[in-house]
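Residue numbers (the numbering used here): 279 to 971.
Don't be surprised by glycine CBs; every beta carbon is placed ideally from N, CA and C.
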Ligand SMILES: Cc1cc2nc3c(=O)[nH]c(=O)nc-3n(C[C@H](O)[C@H](O)[C@H](O)COP(=O)(O)OP(=O)(O)OC[C@H]3O[C@@H](n4cnc5c(N)ncnc54)[C@H](O)[C@@H]3O)c2cc1C
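Shown next as structure tokens:
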């Protein structure tokens, strides 16, 4: 009898549990539907996309935008944060036009911005090779490469101005590689079947930055640019106008040498602060690259667009230990001549991992050139997201090399045989040297080992067609904005975008804003808005300095990086992302209760600088995970394992997710609000990306 009652009781419990679960699911569905129905939308008008045919939009815009006359330009001040390719080109151009520019950077010289690291090249549709390139084709490759998640009008404009960038840089004396006849040489990068990448050996970023720097220096010399090196912006100051609308009117910055907090006014603020890839701790980015400027904009009402779109680059030197603070990129240009492979046989992979044999010991017939096998049309030059996932797939199946099994080969033996060692050395010598210095192995004799690593962030601050954020007078350029690359950036397109923004787009569009500001007098930085912003910055620093816990900044950052890689990395799942968000919340608590910052706040203090940046990386990491969780599809660099084709390719859900996912800050410890900018394509047919034929 007792047994019967127990069984009935158990059955009741089970039924109750199942009912509660079913009800929870219904509630979740209803909540989701209500959220969907009430999600605010950004229209093309709000994004200020000009009317007319695609190829005439930019021309029409320029023909009708408002201008500022020379006498008024002299009365207007513009702050430019950043001296990378975006910031330096913008600052130099605005000063050349006659505006007064205040330019800030963290480094001790504008020339040391992260952009200097760029190796491979910059795209432009010059068609010097006569291989069928055109502005339209560059546009099409870019929008397709981004998995149809970028704005058509912006991408077309980017392709359109690409040729002017090359002319501008040549005029500055940038030493692009030339062919025997004297024409500029080109090579190929991923996602294109033409050669449109201009380069200066493996130092393209450095040479372009020297060009921008010389233009900037000229303006510094003329007194039109006031340069603030070793200054870090810690907040943006907004002041309400006569209609109560808040506008960006200045910044609060910390002098990194003295620790002094200072106030600066300007009629408009332009931020070109780079990407947030260092959220992952280990990345190919420069050590000082950070996402704090983006978070400051976000907290003031600028939307953060597509934060989950991060690029994992397939050709980086694999991680070699737990005490590493940086990963090194081997330029994508190497994929022009290098062939990527892993062993065909598992036993060979095991012997390689055990160090019993080297790559060169494996005979040709036992090598699996998996990119050439899977994607015959593009081969080793498939876009980065595709190449990275294919490497992961091979390594996950056990075919990886290196002692960790987390690497694939990039092999030049064919190219050396075909072209000769001298030609290969001429083309890629400095990259080979860099590899040998780091790995202590000669890549001419044994294939290089490479593995994917976090490299670039396509997501960033939402900007309209004028590169203005949702905060009036606050502009965002270069890698810091979300702009033109959709869900995946093609190689050599970041330099193109940064310089397009700085030399050829912002100098026009910012005038449309500033033309209405000519009557606004310079404001005193004694205004309460400046005082309050400075106090908030000081309070945050004091709070951090007072913690005096047990953990170094780096140890917490490293932990965050591992969580990001494991849960918000190359393969994402709903379950993993939820888990990742919980873990990030725990790290946030740990950081704010247990971080240890030695030294004083009012002097040079590297650890304090890092702590301020880490506080923001934690927030960005969470935002990335939240965005990745909401985007129930795979596109470009965002790969949700639940959404893939039987062949393991990304599966988009165009009917549900063909929009820019923008997030609005709703307060500390509150969930951000989703706002959508639908990407209703007028000119391009969305297709499944195909690099096979
Ligand atoms: C190793 C490597 C190789 C690459 N190779 C290529 C390539 O071949 N082709 C290509 O197209 N792209 C390449 N990229 C990508 C490209 O280099 C970057 O996307 C691009 O340089 C970013 O330029 P940017 O001007 O937007 O920002 P950055 O160059 O990152 O400059 C940011 C600037 O902002 C300043 N800053 C940041 N925060 C603050 C603050 N709070 N206060 C004051 N100043 C601040 C910094 O000091 C710096 O001056 C490469 C990237 C890496 C990592």
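Item to check | Whole runs of the alpha helix (DSSP H) within the region 658-729, excluding any shorter than 4 residues | outcome: 662-674, 691-697 and 699-717
Next on the checklist: On the DSSP letters alone, give me the boundaries of the beta strand (DSSP E) that residue 593 sits inside.
Outcome noted: 588-594
Next on the checklist: I'd like to check one pair, residue 840 with residue 740: are the Cβ atoms closer than 8 Å?
Outcome noted: Cβ atoms of residue 740 and residue 840: not closer than 8 Å.
Checklist entry - Could you give the distance in angstroms between the alpha-carbon of residue 811 and the alpha-carbon of residue 802? => result 14 Å
Checklist entry - Are the region 486-498 and the region 363-371 touching by the rule of at least three beta carbon pairs closer than 8 Å? => result Touching, yes.
Next on the checklist: Just verifying my parser: in three-state terms, what is the DSSP assignment at residue 922?
Outcome noted: Per DSSP, reduced to three states, the secondary structure at residue 922 is strand.
Checklist entry - Nearest to residue 939 by CA position, among 859, 566, 362 and 910, is which residue? => result Closest option to residue 939, Cα to Cα, is 910.
Checklist entry - Quick one: does the C-beta of residue 656 sit closer than 7 Å to a heavy atom of ligand 1? => result no
Checklist entry - Per DSSP, which one or two residues make a beta bridge with residue 937? => result For residue 937, the pairing in a beta bridge is given by DSSP as 956.
Next on the checklist: For residue 382, list the residues DSSP reports as bridge partners.
Outcome noted: 359 and 506
Item to check | Nearest neighbour of residue 763, chosen from 334, 351, 377 and 427 [CA to CA] | outcome: 427
Next on the checklist: Assuming residue 532 and residue 506 are in contact, meaning their beta carbons sit under 8 Å apart, how far apart are those beta carbons, in whole angstroms?
Outcome noted: Residue 532 to residue 506, Cβ: 11 Å. No contact.
Checklist entry - Going along the chain, which residues of its own chain have a beta-carbon closer than 6 Å to the beta-carbon of residue 903, five neighbours each way excluded? => result 846, 855, 858 and 859
Item to check | DSSP-derived helix/strand/coil call for residue 782 | outcome: Residue 782: helix per DSSP, three-state reduction.
Item to check | Expected contact under 8 Å - CB spacing of residue 454 and residue 470 to nearest Å | outcome: About 18 Å; that fails the 8 Å criterion.
Next on the checklist: With a threshold of 7 Å (Cβ to nearest heavy atom), would residue 359 be considered close to ligand 3?
Outcome noted: As presented, the structure is devoid of ligand 3, carrying ligand 1 as its sole ligands.
Checklist entry - Are there 16 or more other CB atoms within 10 angstroms of the CB of residue 769, so buried, or fewer, so exposed? => result buried
Item to check | Distance between residue 723 and residue 618 (C-alpha atoms, nearest Å) | outcome: 15 Å
Item to check | Neighbourhood of residue 423 by C-beta, 7 Å cutoff - its chain only, sequence neighbours within 5 removed | outcome: 469, 661, 766 and 768
Checklist entry - Does DSSP classify residue 646 as helix, strand or coil? => result strand
Next on the checklist: Taking 6 Å as the limit between beta carbons, can you name the residues of its chain near residue 493, skipping five residues before and five after?
Outcome noted: 370
Item to check | Minimum length 3: unbroken beta strand (DSSP E) runs contained in the region 524-570 | outcome: 524-533, 539-543 and 546-549
Checklist entry - So, is residue 575 buried or exposed, given that buried needs 16 or more other C-beta atoms within 10 angstroms? => result Burial call: buried.
Item to check | Per DSSP, the bridge partner or partners of residue 746 | outcome: 753
Checklist entry - Is the beta carbon of residue 488 within less than 7 Å of some heavy atom of ligand 1? => result no
Next on the checklist: Report the CB separation of residue 676 from residue 627 in whole angstroms; it is logged as a contact under 8 Å.
Outcome noted: 6 Å
Checklist entry - With contact counted as at least three CB pairs below 8 Å, one residue from each stretch, are the region 684-702 and the region 609-616 in contact? => result Short answer: they touch.
Checklist entry - Taking Cβ to Cβ, would you say residue 465 is nearer than 8 Å to residue 611? => result Yes, Cβ-Cβ distance for residue 465 and residue 611 is below 8 Å.
Item to check | Spatially closest choice to residue 955 from 323, 298, 565 and 286, by CA coordinates | outcome: 323
Item to check | Run of the alpha helix (DSSP H) containing residue 348, from where it starts to where it stops | outcome: 348-351
Checklist entry - Could you give the C-beta distance for residue 362 and residue 588, rounded to a whole number, given that I count them as a contact under 8 Å? => result With a beta-carbon spacing of about 18 Å, residue 362 and residue 588 fall beyond the 8 Å limit used to define contacts.
Next on the checklist: Here's the rule I'm using: 16 or more other beta-carbon atoms within 10 Å means buried, otherwise exposed. How should residue 701 be labelled?
Outcome noted: exposed
Next on the checklist: Rounded to whole angstroms, what is the Cα-Cα separation between residue 457 and residue 463?
Outcome noted: 5 Å
Checklist entry - Taking the C-alpha atoms as reference points, what is the distance between residue 717 and residue 735? => result 27 Å
Item to check | Simplified DSSP assignment, three categories, for residue 578 | outcome: The answer is coil: DSSP assigns residue 578 none of H, G, I, E or B.
Checklist entry - Across which residues does DSSP place residue 621 in a beta bridge pair? => result In the DSSP secondary-structure assignment, residue 621 is bridged to 645.
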